[in-house]
Structures are given as structure tokens and as C-alpha cells.
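Here's the structure, in C-alpha cells; my notes come after.
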Amino acid sequence: MNILIQHPALQAEIDKVAEVAGYLWQKGWAERNGGNITINITAYVDDAMRALPALTEPRPIGKALPHLAGCWFYCKGTGRRMRDLARDPMANGSIIRILPGCDRYEIVADAPVAPTSELPSHLAVHDYLLAKGSPYRASLHTHPIELVALTHSRKWLEKDAATRMLWSMIPETRAFCPRGLGIVPYLMPSSVELAEATIRALDEDYDVVMWEKHGVFAVETDILNAFDQVDVLNKAAQIYIAARNMGFEPEGMSDAQMDELKGAFGLPK
């Protein structure tokens with residue numbers, strides 16, 4: 698059964714996921730099965746969907762996440778490649794619903810594809826976003842080459858050092874990524890510690906968090922906007938690296954020039 702045929706609004710959201718998955722593969726940010734996407738689709742669930750039977754037995758999340766009561770998510774499947782997700786998102790991902798108690802979930806449609814092993818971490822972030830009253834419903838983890846390269850230098854791991862440099866490379870970065878880039882020191886991938894550190898960085902008001910020597914985690918209202926944030930930041934990193942490869946340290950925009958952007962784009966002071 699293709700659940701999306703009867704739910705065009707949900708189909709549109711899943712189509713965005715497929716579109717972004719294709720971009721990630723084309724950019725070389727999603728080697729093998731690298732990266733993850735999880736979106737909160739609760740707003741698109743109707744009574745017909747709520748009546749659907751589970752395709753699996755309940756599975757543990759690992760902890761209770763009370764703000765996810767009644768929530769539904771689409772998630773990339775474990776071991777699945779972004780290039781395949783782009784081609785057929787419902788064969789390479791799954792729709793899950795959170796069960797009462799908020800410590801278990803079950804797969805509902807369209808096939809019993811096991812969600813990513815990072816699902817507990819993604820759900821913990823979504824729980825945090827809902828608790829905060831955030832409108833963000835999409836989370837993206839990917840491996841943008843130039844941003845990851847920067848984290849191999851201690852210089853760019855200092856708080857907001859990379860943000861200041863990236864903002865200064867091109868006006869659009871300051872305009873479209875006004876919260877900059879949070880930094881999380883290296884922690885084991887998929888670990889509880891990494892999830893907790895990511896939530897702390899988001900709580901400092903970042904939308905994009907850089908995991909040292911690993912990749913980025915971005916949250917936004919939908920998956921296209923999450924991708925755009927990462928794309929803009931990585932373009933700035935590419936400009937910086939291109940200048941260094943040409944043999945000079947880029948000057949970057951001055952503080953005065955970046956302050957001028959605040960008024961033009963209505964950015965926070």
C-alpha cells in the first residue's frame with residue numbers, strides 16, 4: 698500500500714526529502730550510507746493514518762521523550778544510501794509513530810524498513826524542539842567536505858571563530874545563516890553524549906552544529922531549509938579554502954561591512 702497516494706501534503710514533504718537526498722549525494726556529502734534525515738510529519742496525519750496497523754512490534758527508543766506524545770516521523774532507513782533515498786524514499790525510509798509512554802515506537806508504512814541507528818538521537822532533538830516551542834520540524838545530518846576539513850584545525854574549533862570567518866567570506870552567509878555555526882568537540886558518532894552536546898549547542902541558539910571531524914547537524918522548518926543553511930555555510934568554507942589554495946589569506950568583510958548587513962536584512966544585533 699502506498700500511503701502517500703491518499704495524502705498529497707505528506708507526499709510533498711517526502712518529495713522534499715528525496716530532493717535533498719539527491720543534492721547530498723551529488724555534492725559528495727553522503728558517501729555510502731552516510732548522513733541522516735528525520736522529519737516530524739505529525740501535522741499531516743489524519744484519522745485514516747492513525748487507524749493503520751503497525752508493521753512491526755514496538756521498539757524501544759532508549760528513554761522516554763515526553764514531548765513526542767502523539768508524534769509521527771519519517772526517517773531514513775538504517776544502512777540506506779542517500780542516492781537510493783532520492784530515487785525511492787518510501788523503500789529506503791520508514792514512517793513511525795511514537796507509542797503511549799513516549800519510550801517506544803512502531804513502524805507503520807509503507808514497508809518495515811528499520812530506521813537509522815541514530816534515531817534515538819534525532820528523536821531527542823525533536824523532543825527538545827517541541828519542548829522549546831520551536832517551529833522546526835526537520836533535522837539533517839550530513840558530511841559537507843569543506844566544513845569538515847576546517848575542523849581539523851584547532852583554530853576553527855574555538856567558539857564562533859569559524860562563524861566569524863564564514864560570515865565574512867560572502868554577504869549571503871551573514872544574511873541567510875544569521876545564527877552561525879555551533880561547534881561540538883569530537884564525540885563518538887551515534888552516542889548519547891553527542892546527542893546531548895548537540896542539544897546544548899542548539900540551546901545556545903544555533904541552527905547548524907558542527908561535529909568535529911565528522912559532519913554537521915542542522916534543524917529548520919523543513920528539510921529544504923535545513924539543507925540551504927548547510928549549503929550556504931559550506932560555500933563560504935569553499936571560498937576561504939579557494940583563497941588559501943591561491944596562496945593568500947582572504948581578507949574577508951570588515952565588521953563595519955557585516956554590521957551594515959544587519960540593517961539591510963533585519964538581522965539580530
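Mapping of the sequence shown onto my numbering: residues 698 to 966, in sequence order.
Just so you know, even glycine gets a beta-carbon here, dropped at the ideal spot from N, CA and C.
Can you pull the DSSP bridge partners for residue i?
i, result
"E907", "Inspection of the sequence shows that residue 907 is occupied by Met rather than by Glu. M907 is bridged to I880 and V913."
"K773", "G790"
"E803", "R794"
Considering only their Cβ atoms, is the gap separating residue j from residue i smaller than 8 Å?
i, j, result
"K773", "V845", "no"
"T971", "G732", "Examination of residue 971 is not possible in this model, given that the chain is present from 698 through 966 alone."
"P786", "I711", "yes"
"A934", "A923", "no"
"A859", "I880", "yes"
"A806", "I795", "no"
"F770", "I804", "no"
"I700", "A835", "no"
"N752", "R871", "Sequence inspection shows Leu at residue 752; the Asn mentioned does not correspond to that position. No; because the gap between Cβ atoms is not below 8 Å, this pair is not in contact."
"D837", "I734", "Note on residue identity: the sequence assigns Leu, not Asp, to residue 837. Yes."
"L721", "A715", "no"
"L891", "L820", "no"
"A811", "A788", "no"
"S887", "S818", "yes"
"G790", "R777", "yes"
"A706", "Y741", "yes"
"G877", "D900", "no"
"S865", "G949", "yes"
"H764", "L827", "yes"
"A940", "P947", "yes"
Count the other C-beta atoms from every protein chain shown that fall within 10 angstroms of the C-beta of residue i, then say buried if there are 16 or more, exposed otherwise.
i, result
"H690", "The structure shown does not extend to residue 690, since the chain spans only 698 to 966, so no value can be given for it."
"S814", "exposed"
"M885", "exposed"
"Y883", "exposed"
"D744", "exposed"
"G830", "exposed"
"E931", "It should be pointed out that residue 931 corresponds to Asn in this sequence rather than to Glu. Per the 10 Å Cβ criterion, buried."
"D928", "buried"
"H823", "buried"
"A709", "exposed"
"A898", "buried"
"G944", "exposed"
"G798", "exposed"
"G960", "exposed"
Am I right that residue i and residue j are in contact with their C-beta atoms under 8 Å? What's the rounded C-beta distance?
i, j, result
"G696", "A783", "A query on residue 696 cannot be resolved here, the shown segment of the chain reaching from 698 to 966 and no further."
"Q926", "D904", "6 Å"
"Y833", "T739", "Incorrect: roughly 13 Å between the Cβ atoms, too far for contact."
"P875", "L964", "5 Å"
"D800", "K852", "The Cβ separation is near 42 Å, so there is no contact."
Would residue i count as contacting chain D if we go by Cβ distances under 8 Å?
i, result
"I700", "The structure shown contains no chain D; it holds only a single protein chain."
My parser needs the alpha helix (DSSP H) runs of 4 or more residues fully inside the stretch 812-894; what are they? Within the stretch 812-894, the alpha helix (DSSP H) runs of at least 4 residues that lie entirely inside it are, in chain order, 816-829, 842-847, 858-866 and 868-873.
Kindly provide the ranges of any alpha helix (DSSP H) runs that are 4 or more residues long and lie completely inside the stretch 705-781, ordered along the chain. List check, alpha helix (DSSP H) in window: 705-723 and 744-747.
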